[in-house]
Amino acid sequence: GPFGVLFALFFLLPIGYAVYESFFKVHVSGLGLGPSSTTTVFAGLANYTHVFSDPSFRQGVGRVLLFGVVQVPVMLLFATILALLLDSVAARFKRFFRLAFFLPYGIPGVIAAILWSFLYLPGLSPVVAALHGAGFGSVNFLGVNSVLWSIANIVTWEYTGYNMLIIYAGLQAIPADLYEAARLDGASEWRVATRIKLPLVTGSLVLTTVFSIIGTLQLFAEPQVLRSVTGDISSSYTPNLLAYTQAFTSNNPNYAAAVAVVLAIGTFILSFGFLRLVQRRAAAGAGMGV
376 GPFGVLFALF
386 FLLPIGYAVY
396 ESFFKVHVSG
406 LGLGPSSTTT
416 VFAGLANYTH
426 VFSDPSFRQG
436 VGRVLLFGVV
446 QVPVMLLFAT
456 ILALLLDSVA
466 ARFKRFFRLA
476 FFLPYGIPGV
486 IAAILWSFLY
496 LPGLSPVVAA
506 LHGAGFGSVN
516 FLGVNSVLWS
526 IANIVTWEYT
536 GYNMLIIYAG
546 LQAIPADLYE
556 AARLDGASEW
566 RVATRIKLPL
576 VTGSLVLTTV
586 FSIIGTLQLF
596 AEPQVLRSVT
606 GDISSSYTPN
616 LLAYTQAFTS
626 NNPNYAAAVA
636 VVLAIGTFIL
646 SFGFLRLVQR
656 RAAAGAGMGV
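Per this note's numbering, the very first residue in the sequence shown carries number 376; after that it's consecutive.
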């Protein structure tokens with residue numbers, strides 16, 4: 376009962392209200408001056424038609440999809456390697472390194488973007504100065520062709536430790552008897568990692584991938600902060616940033632609600648589609664094993 380009430384108030388009700396608002400739009404009459412000059416009218420699917428025909432929305436979706444295709448595998452690769460290193464028998468100071476790897480996740484995304492902006496800005500960044508001194512010429516991490524990957528670097532730095540901890544927890548749940556039996560049979564640490572550990576943490580890898588897909592489509596804080604230091608991030612750079620701008624800058628909350636609903640549906644389709652793909656492959660592998 377209590378869970379149902381809280382779930383309805385803080386999950387179902389906001390979603391339902393956003394869907395409701397997305398079917399309306401503000402109609403301006405006359406010169407648009409005064410409170411009586413605007414009326415809210417039912418628009419049907421007009422806002423959704425606008426979303427799918429909006430080039431800014433399509434470009435933002437394409438940008439975050441490209442971001443996810445590159446950044447998510449790289450981040451999960453780093454997270455898996457760090458988890459395997461922590462779980463190895465030769466690893467020392469495990470508690471210290473586990474905390475050190477996880478620490479960036481404890482820093483809010485806004486603060487992380489501000490910190491990294493000092494490392495990206497020419498004239499302030501020691502990294503840019505070092506690269507210039509090494510003969511790389513003028514390096515611009517916030518240029519039109521590089522700013523997306525600068526954001527990807529921030530996100531990777533933030534969430535690698537979080538995903539590492541999930542994978543590491545999965546590794547800790549594997550019975551130690553399997554490792555001992557493999558080592559008695561002469562298996563090296565590499566074979567133990569690739570033939571025992573990785574197959575048995577598939578569930579953790581799937582979970583982190585789903586979280587990463589959802590996080591990619593929700594990309595907002597990092598580009599919003601970096602907008603103040605570069606002109607190469609537009610107000611519609613990502614779908615979330617477009618919705619925020621439409622709601623709080625352009626005073627068009629109905630269109631912003633439609634963008635949010637479309638983005639939520641797209642996130643569900645991608646996440647559910649990935650899970651279905653993994654389940655089908657697992658079922659096919661089990662069938663071949665039988």
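Glycine included, each C-beta is placed from N, C-alpha and C at the ideal position.
Predicted, not measured: the structure shown is a model, and the values here were computed from it.
Judged by beta-carbon spacing, Leu-638 lies beyond the 7 Å limit of Thr-613, meaning their Cβ atoms are not closer than that value. Phe-417 carries a strand assignment under DSSP once its states are collapsed to helix, strand and coil.
Taking one beta carbon from each stretch, the segment 467-478 and the segment 547-566 have fewer than 3 pairs nearer than 8 Å; the two do not touch.
Distance between Val-653 and Ile-644, taken at the CA atoms: about 14 Å. One thing to note: Ala-633 has its Cβ within 7 Å of the Cβ of Val-426.
Here DSSP, grouped into helix, strand and coil, assigns Val-401 to strand. A Cβ-Cβ separation of about 33 Å leaves Ser-579 out of contact with Ile-608 under the 8 Å criterion.
Rounded to the nearest whole angstrom, the C-alpha separation of Val-380 and Gly-641 is 27 Å. Here the segment 475-488 lies against the segment 596-607, with 3 or more beta-carbon pairs under 8 Å apart. Note on Ser-492: 16 or more other CB atoms within 10 angstroms of its CB, so buried under the neighbour-count rule. Sequence-distant Cβ neighbours of Val-503 in its own chain, meaning closer than 6 Å and more than five residues away, are Pro-497 and Val-514. When the Cα atoms are used, Leu-523 and Gln-446 turn out to be separated by approximately 10 Å.
Restricted to the segment 568-620, the alpha helix (DSSP H) segments that are unbroken, complete and at least 4 residues in length are 577-592 and 596-601, listed in chain order. With distances taken between CA atoms, Pro-550 lies nearest to Val-576 out of Val-576, Thr-605 and Val-604. Beta-carbon to beta-carbon, Ala-418 and Phe-399 are separated by about 6 Å, close enough to satisfy the 8 Å threshold. The Cβ neighbour count for Gln-547, taken over all protein chains shown within 10 Å, is under 16; the residue is labelled exposed. For Asn-528 and Ala-618, the gap between their C-alpha atoms comes out near 24 Å. Take Leu-420, set aside five residues on each side of it, and the residues of its chain with a beta-carbon closer than 8 Å to its own are Phe-398, in chain order. Boundaries of the alpha helix (DSSP H) harbouring Ser-431: 430-462, taken from the DSSP string. For Ala-393, same chain residues with a beta-carbon under 7 Å away, outside a window of 5 residues either side, are Ala-632, Ala-635 and Val-636 in chain order. Look at Thr-424 here: in three-state DSSP terms it is helix. CA-CA distance, Phe-453 to Glu-564, rounds to 18 Å. In the three-state reduction of the DSSP assignment, Ile-644 falls in the helix class.
In this structure, the CA atom of Gln-621 is about 13 Å from the CA atom of Asp-429.
For Leu-451 against Ser-587, the beta-carbon gap comes to about 7 Å, under 8 Å, which counts as contact. Looking at Val-444, Tyr-537, Val-567 and Gly-606, the one whose alpha-carbon comes closest to that of Asn-520 is Gly-606.
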